[in-house]
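*Asks:* For the sequence shown, this note's numbering assigns the number 3 to the initial residue and increments by one for each residue that follows.
Glycine included, C-beta positions come from ideal geometry on N, C-alpha and C.
What you are looking at is a predicted structure, and each value in this text was computed from that prediction instead of being measured.
Before I ask anything, here is the structure I am working with.
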Amino acid sequence: MDLAELTAKIKQAVGDDSGLGKSLKFDLKGAGVVHIDGGSVTNEDKPADLTMTIALEDLVAMGQGKLNAMNAVMGGKLQLSDMGLAMSLQQKMTALFAKMAG
Numbered sequence: 003m004d005l006a007e008l009t010a011k012i013k014q015a016v017g018d019d020s021g022l023g024k025s026l027k028f029d030l031k032g033a034g035v036v037h038i039d040g041g042s043v044t045n046e047d048k049p050a051d052l053t054m055t056i057a058l059e060d061l062v063a064m065g066q067g068k069l070n071a072m073n074a075v076m077g078g079k080l081q082l083s084d085m086g087l088a089m090s091l092q093q094k095m096t097a098l099f100a101k102m103a104g
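Encoded structure:
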């Protein structure tokens, strides 16, 4: 899966509103950026409430349920700009990942 395919999948999952209540950015370690704010999903590298730095293939694996977020953090595959915010959004992000996998 490339950045365009991932962005399309996230746009489909987000629909009119991500339900997160915060902006979220996936920094894909040189493969690009996916920025989610409400119902807006772009590849613009702009500030977000929470930035998740993760390789594209690891994000896809998380979306497929093959990589647990906590294991990714502990294993150094996922860096979070704000652990507290990430923990508070965990259930909402899990729901969004479930839509992406569907």
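1. I'd like to know if the stretch 44-56 and the stretch 74-94 are in contact, where contact means that at least 3 CB-CB pairs between them fall below 8 Å.
2. Give the DSSP-derived three-state secondary structure of Ser42 in the structure shown.
3. State the Cα-Cα distance for the pair Met95 and Leu58, rounded to the nearest angstrom.
4. Buried or exposed for Ala105, going by 16 or more other Cβ atoms inside 10 Å?
5. Taking the continuous beta strand (DSSP E) assigned at Met54, which residues delimit it?
6. Please check the pair Ile38 and Leu26, which I expect to be a contact at CB under 8 Å, by giving their CB distance rounded to whole angstroms.
7. Span of the alpha helix (DSSP H) holding Leu87?
8. Just curious, the beta strand (DSSP E) that Lys48 is in, first and last residue?
*Replies:* The structure says:
1. yes
2. strand
3. 17 Å
4. The chain is shown from 3 up to 104; residue 105 falls before or after that span and cannot be answered.
5. Leu52 to Ile56
6. 5 Å
7. Met85 to Ser90
8. Where Lys48 is concerned, there is no enclosing beta strand (DSSP E), given that its DSSP letter is neither H nor E.
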